[in-house]
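Engineer:
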Amino acid sequence: MTRQQFRLAEGGRIDRDRPLSFRFNGRAYQGYAGDTLASALLANGVHLVGRSFKYHRPRGIFSAGAEEPNAIIQLETGTRSQPDLRATQVELYEGLRAKSVNCWPSVRFDLAAINSRLAPLFPAGFYYKTFMWPGRAWHLYEAVIRRMAGLGVAPTGPDPDRYEKTHIHADVLVAGGGPAGLAAALAAARAGARVILADEQSAFGGQLLGNGESVDGKPGAEWAAAAAAELVDLPDATLLPRTTVIGYFDDNYLTLCERVTDHLGPAAPPELPRQRLWKVRARHVVLATGAHERPLVFQGNDRPGVMLASAAQSYVNRYAVRPGRRAVLCANNDSAYRAALDLQEAGVEIAAIADLRPAPDGAGVEAARAQGIEVLPGQAVVATQGGRHLTGVEIAPLSEDGNALAGPSSTEKCDLLCVSGAWNPAVHLFSQSRGKLRYDEGLACFVPGRSVQAERSAGACNGRFALADCLAEGHAAGTAAAAAAGHGDDSGPVPKAEAEPVGAIRAVPCVPSRSGRANKHFLDLQNDVTAADVALAAREGYRSVEHTKRYTTLGMGTDQGKTSNVTGLSVLAAALGRPVPEVGTTTFRPPYTPVTFGTIAGRDVGDLADPARMTPMHHWHVQVGAVFEDVGQWKRPYCYPRQGESKREAVDRECLAVRNAVGILDASTLGKIDIQGPDARKLLNMVYTNAWNKLEVGRCRYGLMLGEDGMIFDDGVTSRLAEDRYLMTTTTGNAARVLEWLEEWLQTEWPDWRVYCTSVTEQFATMTICGPKARDLLAELVDGLDLDPAAFPFMSWRAAAVAGVPARIFKISFTGENSYEINVPANYGMAVWSAIMNAGEKYGITPFGTEAMHVLRAEKGFIMVGQETDGTITPHDLGMDWAVSKTKDFLGKRSLARADTTRAGRKQLVGLLTEAADAVLPEGGQIVSELARKPPMDMIGHVTSSYYSAALGRSIALALIKGGRDRGGETVHVPLLDGSSIAATVTEPRFYDSEGERLRG
Amino acid sequence: MAERYKQQGALAHLHLAARTAEGPEDASVRLIERPFQGQINLRGEIGDEAFRSAVESVAGLSLPETPNSFLEQAGRRALWLGPNEWLIVLADGEETALAEALRAALAGQHASIAEVGHSRTVIGLAGARAREVLRKGCSLDLHPRAFGPGQCAQTLLARADMILLQADDRPTYEINARRSFADYVWRWLEDAAREYGCALVAE
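Each protein sequence line maps, in turn, to chains A and B. In terms of our numbering, the first sequence has 758 at position 754, counting the first letter as 1, and numbering is strictly consecutive. In terms of our numbering, the second sequence has 474 at position 74, counting the first letter as 1, and numbering is strictly consecutive.
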């Protein structure tokens, strides 16, 4: 284990009493509680943490936050492994294990680094230019390229962790808990608003945690802690540390990702979720997302040891880590000077500050000079030296226009180069909200312009970088947001900080090199996009920033160009000779930082992925070993195999039991709609194709429902319960859709009709007993009900107690056998089912599933919606003209008179009997009248239903065939995938008891 | 009328009564199933005085006109489900008698009375963190400023629909779920409550 040779003896927000062991790339190190993986690595002198995407150049820790392009790591192994995390955001815990991504065999010796030597062969658009022809070979290249280029590796096993999602509403959501965000949250919460304050870090304070500035006379971190404590005590403020606002959508709907236990590692309590996705609906949003320091673009700016100045400052102040021994700073603005002073105080030798500005002044500059730091005005770092780590820099004066060097260069030895190209407001969320960005010439960056949603930006993300301004703007935004949400403006005093004038910056898109080339001037450190690549793209005709992004891959990495977008488009603008705002910026898309799939899935996995709807008798079916099938979300028994029985054998047995004795089916899933009101009959007449005027109370009728296009979309039996009351049944899968269909017409077209529809699908357990013994069985269970067909005819219903439970008995049949559909209140379903099973034992009662039901109805030629119909089938196509009234109006009627629905040659329902009696045609099989050697063949139709019929001892099928009703007796063929085919004869679509004697009982 | 002991609730298979000893005593979330309740879906025009007074005299209940609210009288509740739709919740076994009485009283009027008690089950959810459990699957604003005792809503819990009502400010919620979804809703709730510690309660 190495000692932490770069750790300061005191200071920082780390707990030296809690040392933590961890491993990185196989080596053991130690850090402290409060460290990030990046700060702990730096404390151990480890800068080299990764390789770049294309050239596999060595890359070091570059930032201290979300913008990190280089320190991309794979955390842990096995099913808990997470790829592509930023070491700068991973909190250290005991036993942490991480490794670099994108290097093989190791980060120190990476074979693919040869790519760097071959860099001239990999220009902008290399992939497009090289692998696009021959076109069909891409699949060959792709595998190799992906193996070479991939970053982390996704785990393959099931995720052992829990993830949660939660909804929450707020008057004011504050995104970002730095000085502006804290001031905004305090102001809004004090005014009485419901406030959510989210910050991606473990503690609130943002830059105050790392830069040593003071608020209200207190050290910044102390003020931030007090502000957070006050918010915790307010009843309606919710503080969410370790929570990143990742998406900003319409209607002020935002998503937040909270890392609940990631910082605990394996010690996390198992009942807690690892991460939680917050879905926030906020009346107002205050964006206080801060800013990212902009790098400078110069030759060799990617070498490990080159770091953002503010990051170096954070490492010193927050983590008590010296990121180097001897530092050079290169800046174009004032903010780097504070960093220099803090580094110097921590014992880092400051070799020089090269300031691109010809005459820097201001308080920071003076303070640095007063500390004896050499300031080199009008100069810049123009090259770096070193291999896997920086060893020195070349500094040279710039010409007045910044496009050339104006003198000889000097060399400074150093192991740390801090760069500051001023600041980019983090406008990601503002842009996601569809707010329009505005380019600020003075700050050389994009700032929020016109808002589209109820949102305001405050502080650094609004281009206000001075602490006093951040606090004032945050306070004002919080007050205004609370007031807009209907609260007062009693928001307490504005937090104060010393106002320090900020000097102007000097924007130089690309610091020139001695050679004039810019092929080692890196813009995108992760994707290896250089200023030369962007300039080449411009020369090749790329004008749009979005096209250039895709062509060069600028900003396309896991960091989504947080450090590279603005520098990149400045270079593009310069190359095109157009102003930056005219070139524009690429789209900012959610998420702000990557999110694990587990968080997006939440608990909607496994058993809870989708509801399984269960009938009142479901658990009986489970106990007797039913095999289930999904019908929509319903679980329905498919068949009930006995010991040693195949599914096919079970279905055959169940079918024969119904034909020869009695079977029982759980039909509870059928949709049921209670229709009441004087205009109920009028409604039925309009939604069904047949006439309902003469249906008496106590009788039932079958009906077809058409869409406006004349195509069948549902069918079912509707019974008249009372003078103004009907019970409609629908197919299982269409129950909700039919109710919506009725409501749609009643609410939009016929609002004056006096009729109400209520779903009662689940009020009843429905069990159908059918077969030649059904009547005898029912007789044992009912009292005082005459079951004689003369008294209780087919297509009628009676109210009676079945096994002592009030029931409606419908004498209707889908199997072709005498059949009683018994409806009892659902909580009695199991009791009645058991009573029927007991009483039915001596009749050989057999429970049957959906497959036997399908076979039995197909034997009778009864259609199934969704099987014989597919949204293109009319009643005439199915030969069901008998169910279509010629005299009354109904929905879909006019479409039945269209040329296409009346033409000859439409597909019509027929039966098919295969020449080989036990050959079962595949459902969906295409039908041809003449076989060719191989496809294409002239297809005349398709098989819609096909089964082995145990009752008939042969296979049967229903099919839709062009002009089928005129093809009776013709032989057709169904070609199979293996090249063989099955021959069949066209018949009537009816195979069993075609006179319908059995179902009348 | 059938012997009521023959009834089997939608969650019978979970044997919840046998599990009431589980869970911490100081659980911040408590769950209970109240399986057998009479429920009637009532439709009619509230502006029609004949309708209103017939319902009030027969059911002994005023129908709420404030959207998403309910009124409670003598152990019966009337929930507002729509401008012309209410759910009357009453004791198990009283449902059929009341439905028939309403039918008689409203004969000749444009109204609809449907017994729906068997199509639903009610799950009680109470405790200091009950709201946090609920908001994991319900996108409505359940903050006391927005939703409190006396209010109800037809909405979603995760992937199932529910009629939600808040009975008191402990808070106690009742989740009126469709029977076929009850297994999903219960298991979802128990799983959601896990991080807070959850106790099952016997009636």
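Using N, Cα and C, we set each Cβ at its ideal position, and we do this for glycine too. Only a predicted model underlies this, so the values are computations on that prediction, with no experimental measurement involved.
(1) Output the distance between the C-alpha atoms of B:Leu487 and B:Glu574, rounded to the nearest integer angstrom.
(2) Would you mind sorting A:Ser519 into buried or exposed? The rule is 16 or more other CB atoms within 10 Å of its CB.
(3) For the stretch 769-780 of chain A against the stretch 658-671 of chain A, are there 3 or more C-beta pairs whose distance is under 8 angstroms?
(4) Under 6 angstroms Cβ to Cβ from A:Ala630, same chain only, skipping five residues before and after it: list those, please.
(5) Over what stretch of residues does the beta strand (DSSP E) that includes B:Leu600 continue unbroken?
(6) Beta-carbon of B:Phe581 versus every beta-carbon of chain A: anything under 8 angstroms?
(7) Can you round the beta-carbon distance between A:Lys553 and A:His296 to whole angstroms, since I take them to be within the 8 angstroms contact cut?
(8) Is it the case that the Cβ atoms of A:Val385 and A:Glu398 are separated by a distance below 8 angstroms?
(9) Would you report the Cα separation of A:Met5 and A:Asn29, rounded to the nearest angstrom?
(10) Going along chain A, which residues have a C-beta under 7 angstroms from B:Arg578?
(11) Return the residue from the list A:Asn531, A:Thr878, A:Glu700 and A:Cys659 that minimises the CA-CA distance to A:Phe818.
(12) Could you tell me whether the Cβ atoms of A:Trp757 and A:Leu687 are closer together than 8 angstroms?
(13) Counting only beta-carbon separations shorter than 8 angstroms, does B:Tyr573 have a partner in chain A?
(14) Should A:Arg278 and A:Tyr167 be called a contact, given that it needs their Cβ atoms to be closer than 8 angstroms?
(15) Which residues in the same chain have their Cβ closer than 7 angstroms to the Cβ of A:Arg22, if we skip the five residues on either side of it in sequence?
(16) So, for A:Arg361: in the same chain, excluding its five sequence neighbours on each side, which residues have a beta-carbon less than 6 angstroms away from its beta-carbon?
(17) Which ranges does the beta strand (DSSP E) cover as unbroken runs of at least 3 residues, wholly within the stretch 975-1003 of chain A, from first to last along the chain?
(18) What residues of chain B sit near A:Asp678, judged by a beta carbon separation below 8 angstroms?
(19) Where DSSP assigns a beta bridge to A:Gly853, which residues make up the other side?
(20) Based on the DSSP output, what are the partners of B:Met562 in its beta bridges?
(21) The beta strand (DSSP E) spanning A:Thr770 covers which residue range?
(22) Along chain A, in chain order, which residues have C-beta atoms closer than 7 angstroms to that of B:Phe436?
(23) Tell whether a beta-carbon distance below 8 angstroms holds between A:Gly463 and A:Gly182.
(24) Would A:Lys169 pass as an interface residue toward chain B - the criterion being a Cβ-Cβ separation below 8 angstroms?
(25) Find out if the Cβ-Cβ distance for the pair A:Pro308, A:His393 is shorter than 8 angstroms.
(26) With a cut-off of 8 angstroms, does the C-beta of A:Glu275 fall near any C-beta of chain B?
(27) Is the CB of A:Ala578 under 8 angstroms away from at least one CB in chain B?
(28) Report the three-state DSSP secondary structure of A:Pro183 (helix, strand or coil).
(29) Give me the chain B residues within the contact set of A:Leu612, using Cβ-Cβ distance strictly less than 9 angstroms, ordered along the chain.
(30) Does the structure place the stretch 494-506 of chain A close enough to the stretch 309-320 of chain A that three or more beta carbon pairs sit under 8 angstroms?
(31) Using a threshold of 7 angstroms, is the CB atom of A:Leu441 nearer than that to any non-hydrogen atom of the ligand ZN?
(32) Could you compute how far the alpha carbon of A:Leu782 sits from the alpha carbon of B:Leu525?
(33) Quick one, are the C-beta atoms of A:Thr765 and A:Lys676 less than 8 angstroms apart?
(34) Express the C-alpha separation of A:Trp837 and B:Ala582 in angstroms, rounding to a whole number.
(35) Closer than 8 angstroms, Cβ to Cβ, to anything on chain A: give me those residues from the stretch 518-534 of chain B, in chain order.
(36) Beta-carbon within less than 6 angstroms of A:Glu974's beta-carbon, same chain only, minus the 5 sequence neighbours each way: which residues are those?
Structural biologist: Checking against the coordinates, here is how it stands:
(1) 14 angstroms
(2) exposed
(3) yes
(4) Pro641 and Tyr644
(5) Cys598 to Leu600
(6) It does: the Cβ of B:Phe581 has a partner Cβ on chain A nearer than 8 angstroms.
(7) No, A:Lys553 and A:His296 are not in contact; Cβ-Cβ is about 18 angstroms, not under 8 angstroms.
(8) yes
(9) In this predicted model, A:Met5 has a pLDDT of only 49, less than 50, meaning its place in the structure is not dependable; the value taken from the coordinates is given anyway. Going by the C-alpha atoms only, they are around 13 angstroms apart.
(10) Chain A residues near B:Arg578: Glu766.
(11) It is A:Cys659.
(12) yes
(13) no
(14) Yes. Within cutoff.
(15) Tyr36 and Ala37
(16) These residues qualify, in order along the chain: Arg510.
(17) List check, beta strand (DSSP E) in window: 975-979 and 985-991.
(18) The contacting residues are Ser512 and Ala514.
(19) In DSSP, A:Gly853 forms no bridge with anything.
(20) B:Thr555 and B:Ala577
(21) Phe768 to Cys774
(22) Asn831
(23) Remark: C-beta atoms of A:Gly463 and A:Gly182 approach each other more closely than 8 angstroms.
(24) yes
(25) It is a contact, given that the beta carbons lie within the stated cut-off.
(26) yes
(27) no
(28) It is helical.
(29) Ala558, Arg559, Tyr584, Arg587, Trp588 and Asp591
(30) no
(31) With respect to the ligand ZN, the structure offers nothing, as it holds no ligand at all.
(32) Roughly 42 angstroms separates the two Cα atoms.
(33) yes
(34) 20 angstroms
(35) His518, Ser519, Arg520 and Glu532
(36) The beta carbon of A:Glu974 lies closer than 6 angstroms to those of Val990 in the same chain, with the five residues before and after it left out.
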